Amino acid sequence: MTTPSTSVLIIYTGGTIGMTQNTETGALEPFDFNHLLDNVPELRRLGYSVSTTQFDPIIDSSETEPSQWAKIVQVIADNYNKYDGFVVLHGTDTMAYTASAVSFMLENLGKPVIFTGSQLPIGMLRTDGKENLITAIEIAADRDESGRPRVPEVCIFFDNKLMRGNRTCKVSAQFFNAFVSPNYPLLAHVGININYDDVEIHYPDEDMPLKPHFNMDNNVVVLKLFPGINRQVVHQALNIEGLKGVVLESFGSGNAPRYEWFLDELRDAVARGIVIVNVTQCSTGSVQMELYRTGNTLRDIGVISGYDSTTEAALAKLMFLFGHHLTPQEVIQAMKQSYVGEVTVPRQ
Ligand code: ASP
């Protein structure tokens with residue numbers, strides 16, 4: 387349900403959706419956002435108000451940093467009372483990281499924040515950008531019979547799928563079906579109708595005002611295990627100056643080698659107050675450190691489970707928690723809870 391007074395703000399940060407081809411070099415380069423509106427005249431026919439704002443400079447999302455996340459949060463916070471929903475146009479490359487981060491940074495969010503982008507520039511004939519943009523706007527504007535926003539969450543909408551943002555990963559550099567939500571159901575399937583799955587959508591406590599957060603601490607690292615990883619690599623990674631948190635991408639259900647040198651390096655890092663979160667390299671499933679001896683050992687030395695978190699969400703959550711100057715013990719406790727539906731914590 388929408389009315390003529392419904393309003394959506396489109397925030398264009400960059401990415402392929404608004405790019406054009408340099409005729410000399412053939413490379414894709416960002417162009418002025420007004421061009422985007424020229425390419426989607428359909429936007430003027432939506433029947434409600436759509437406003438746009440463009441970042442300056444607009445960037446390729448491979449150059450995204452926490453300051454860019456804070457900028458997105460600032461624009462949403464500044465315009466929160468003026469609009470019913472927000473669409474963030476963002477490059478696909480790091481969209482899952484940004485959507486994860488922003489989901490933590492917008493505490494008590496009560497309106498839709500829908501990220502989208504495209505694999506082909508919106509001006510190209512076979513573009514996926516138009517579909518993605520128009521439906522993202524419709525979802526951002528949508529309300530139920532009682533006037534409540536249908537999806538008051540940070541989401542990614544891509545190729546007819548609406549996903550909780552902090553559950554997503556980019557899985558294809560080629561196909562329109564570029565994002566998946568490996569461990570959480572879709573929030574909506576889009577065909578002729580937009581079919582929301584209300585049971586999976588999180589509705590906040592409406593009395594709580596939006597609380598934007600801006601500080602993220604990037605003293606974190608992702609350490610991906612591989613057969614043959616050597617001590618020097620692990621040692622260097624865990625001894626980076628100022629390091630506070632590690633996302634350890636382990637094997638299968640949270641397993642890692644039990645070499646003495648490897649365990650010594652992890653023990654030493656834990657003793658120095660570094661929080662190590664175990665996530666799986668597998669594309670679906672959860673860490674279960676109690677399942678195998680190789681996982682038990684990690685748990686015994688103080689590595690904590692990231693359960694079914696994506697690497698993107700675990701990393702963003704560590705940055706967010708350390709950005710609030712929590713102690714390692716407080717971060718460990720916070721990692722064991724779901725803040726905004728980013729993780730499924732099994733019942734103890
Ligand atoms: N390199 C682009 C970006 O992430 C790719 C895209 O938008 O799909 O900004």
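Letter by letter, the sequence shown follows residues 387 to 734 in the numbering used here.
Idealized CB from N, CA, C, for every residue including glycine.
Given the structure is predicted, the values throughout are model-derived calculations rather than measurements.
Local Cβ density within 10 Å of Gln622, reported as buried at 16 or more and exposed below that:
Locating residue 622 in the sequence shown gives position 236, counting from the first residue. Burial is judged here by how many other beta carbons sit within 10 angstroms of a residue's own beta carbon; Gln622 has fewer than 16 and is exposed.
Should Ser486 go down as buried or exposed, given a rule of 16 or more other Cβ atoms within 10 Å for buried?
Counting from 1 along the sequence shown, the entry for residue 486 is found at position 100. Under this definition Ser486 is a buried residue.
Reference Gly727; option with closest CA among Asp694, Thr670, Pro714
Taking the first residue of the sequence shown as 1, we reach residue 727 at position 341. Per the Cα distances, Asp694.
Any heavy atom of the ligand ASP within a distance shorter than 7 Å of the CB on Asp446?
Within the sequence shown, the letter at position 60 stands for residue 446. Result yes, Cβ under 7 Å from the ligand ASP.
Tell me whether Gly551, by its Cβ, gets closer than 7 Å to a heavy atom of the ligand ASP.
Here residue 551 refers to the residue found at position 165 of the sequence shown. Taking the Cβ of Gly551 as the reference point, every heavy atom of the ligand ASP lies at 7 Å or farther away.
In chain order, which beta strand (DSSP E) runs of at least 3 residues are fully inside the region 493-546?
Unbroken beta strand (DSSP E) runs of no fewer than 3 residues, entirely contained in the region 493-546, are found at 499-502, 540-544, following chain order.
Taking C-alpha atoms, which residue in Asp593, Val656, Ile462, Phe441 lies nearest to Thr713?
Indexing the sequence shown from 1 puts residue 713 at position 327. Looking at the Cα atoms, Val656 is the closest of the given residues.
DSSP three-state label for Arg658, please.
Against the sequence shown, residue 658 aligns to sequence position 272. Note: Arg658 maps to coil in three-state DSSP.
Every unbroken beta strand (DSSP E) within the region 599-638, with a cutoff of 3 residues, ordered by chain
Runs of beta strand (DSSP E) with 3 or more residues, each lying fully within the region 599-638, are found at 606-610, 631-636, listed in chain order.
Spatial neighbours of Ser672 in its chain, beta-carbon cut-off 6 Å, leaving aside the 5 residues before and after
One-based indexing of the sequence shown puts residue 672 at position 286. If we look at Ser672 and ignore the five residues flanking it on each side, its Cβ neighbours are Tyr693, Asp694.
By DSSP, does Val726 sit in helix, in strand, or in coil?
Translated into the one-based positions of the sequence shown, residue 726 becomes position 340. Val726 falls in the coil class under three-state DSSP.
Using 8 Å as the threshold, is the region 599-606 in touch with the region 698-718, meaning 3 or more CB pairs across them?
The region 599-606, when compared against the region 698-718, does touch it at the 8 Å Cβ threshold.
Is the Cβ-Cβ distance between Ser639 and Gln674 less than 8 Å?
Locating residue 639 in the sequence shown gives position 253, counting from the first residue. Locating residue 674 in the sequence shown gives position 288, counting from the first residue. For Ser639 and Gln674, yes; Cβs fall inside 8 Å.
Closer than 7 Å to a non-hydrogen atom of the ligand ASP - does that hold for the CB of Gly401?
The sequence position of residue 401 within the sequence shown is 15, counting from 1. At least one heavy atom of the ligand ASP sits closer than 7 Å to the Cβ of Gly401.
Given that a residue counts as buried once 16 or more other Cβ atoms are within 10 Å of its Cβ, and exposed if not, what is Arg536?
For the purposes of this step, residue 536 is taken as the residue at position 150 of the sequence shown. Residue burial is scored here from C-beta neighbours: Arg536 has at least 16 other C-beta atoms within 10 angstroms and is therefore classed as buried.
Can you tell me whether Met721 is buried or exposed, with buried defined as 16 or more other CB within 10 angstroms of its CB?
Translated into positions along the sequence shown, residue 721 becomes position 335. Result: buried.
Residue range of the alpha helix (DSSP H) that Asn581 falls in?
Here residue 581 is taken as the residue at index 195 of the sequence shown, counted from 1. Careful: Asn581 lies outside any alpha helix (DSSP H), inside the beta strand (DSSP E) at 580-582.
Cβ-heavy atom distance between Asp479 and the ligand ASP below 7 Å?
One-based indexing of the sequence shown puts residue 479 at position 93. At a cut-off of 7 Å, the beta-carbon of Asp479 counts as near the ligand ASP: some heavy atom of the ligand is closer than that.
Could you give the C-beta distance for Lys547 and Leu572, rounded to a whole number, given that I count them as a contact under 8 Å?
The residue given as residue 547 occupies position 161 in the sequence shown. The residue given as residue 572 occupies position 186 in the sequence shown. At roughly 5 Å, the Cβ-Cβ gap stays under 8 Å, so Lys547 and Leu572 are in contact.
Where Thr409 falls: helix, strand or coil (DSSP)
The residue labelled residue 409 in the question sits at position 23 within the sequence shown. DSSP places Thr409 in coil when its eight states are reduced to three.
From this set, Lys457, Ile523, Asp464, Asp424, which residue's C-alpha is nearest Ile580's C-alpha?
Here residue 580 refers to the residue found at position 194 of the sequence shown. The candidate whose alpha carbon is nearest that of Ile580 is Ile523.
Taking one C-beta from the region 626-641 and one from the region 479-498 each time, how about it: are there three or more such pairs within less than 8 Å?
Contact between the region 626-641 and the region 479-498 is absent, because fewer than three Cβ pairs lie under 8 Å.
Segment limits, alpha helix (DSSP H) that includes Tyr738
Outside the modelled stretch of the chain, which goes from 387 to 734, sits residue 738, for which no answer is possible.
Contacts around Ile403, its chain only, beta-carbon distance under 6 Å, and the 5 residues preceding and following it disregarded:
Start at 1 with the first residue of the sequence shown, and residue 403 comes out as number 17. So the qualifying residues of the chain are Leu475, Gly503, Ser504, Ile508, Gly515.
Reduced DSSP category for Ile403 - H, G, I as helix; E, B as strand; rest coil
For the purposes of this step, residue 403 is taken as the residue at position 17 of the sequence shown. Look at Ile403 here: in three-state DSSP terms it is helix.
Classify Ser447 as helix, strand or coil using the three-state DSSP reduction.
The sequence position of residue 447 within the sequence shown is 61, counting from 1. Correct three-state label for Ser447: helix.
Reduced DSSP secondary structure (H/G/I, E/B, other) of Asn465
By 1-based counting over the sequence shown, the position of residue 465 is 79. Of the three classes helix, strand and coil, the one that applies to Asn465 here is helix, per DSSP.
Per-residue burial, Met594 [other beta carbons within 10 Å of its own, 16 or more giving buried]
As a working note, residue 594 is residue 208 in the sequence shown. With fewer than 16 other Cβ atoms within 10 Å, it is exposed.
Backbone secondary structure at Arg553 - three-state DSSP:
As a working mapping, residue 553 is identified with position 167 in the sequence shown. If DSSP states are grouped into helix, strand and coil, Arg553 belongs with the helices.
Just checking Gly503 against the ligand ASP - is the residue's beta carbon closer than 7 Å to any of the ligand's heavy atoms?
The sequence position of residue 503 within the sequence shown is 117, counting from 1. At least one heavy atom of the ligand ASP lies closer than 7 Å to the C-beta of Gly503.
Three-state secondary structure (DSSP) of Val663:
For the purposes of this step, residue 663 is taken as residue 277 along the sequence shown, with counting starting at 1. The answer is strand: DSSP assigns Val663 an E or B state.
Tell me which residues share the same chain as Ile718 and place their Cβ nearer than 8 Å to its Cβ, disregarding the 5 neighbours each side in the sequence.
One-based indexing of the sequence shown puts residue 718 at position 332. Once the five neighbours on either side are set aside, the close Cβ partners of Ile718 are Val661, Ile690.
Residues near Phe544 in its chain [Cβ-Cβ closer than 7 Å; skip 5 each side]:
Residue 544 sits at position 158 when you count from the first residue of the sequence shown. Within the same chain, Phe544 has close Cβ partners Thr502, Asn518, Ala564, Phe565.
For Ile525, count neighbouring C-beta atoms within 10 Å of its own C-beta (all shown protein chains included) and say buried if the count is 16 or more, exposed if not.
Working through the sequence shown from its first residue, we reach residue 525 at position 139. Under a 10 Å Cβ-count criterion, Ile525 is classified as buried, with 16 or more other Cβ atoms of the shown protein chains found around its own Cβ.
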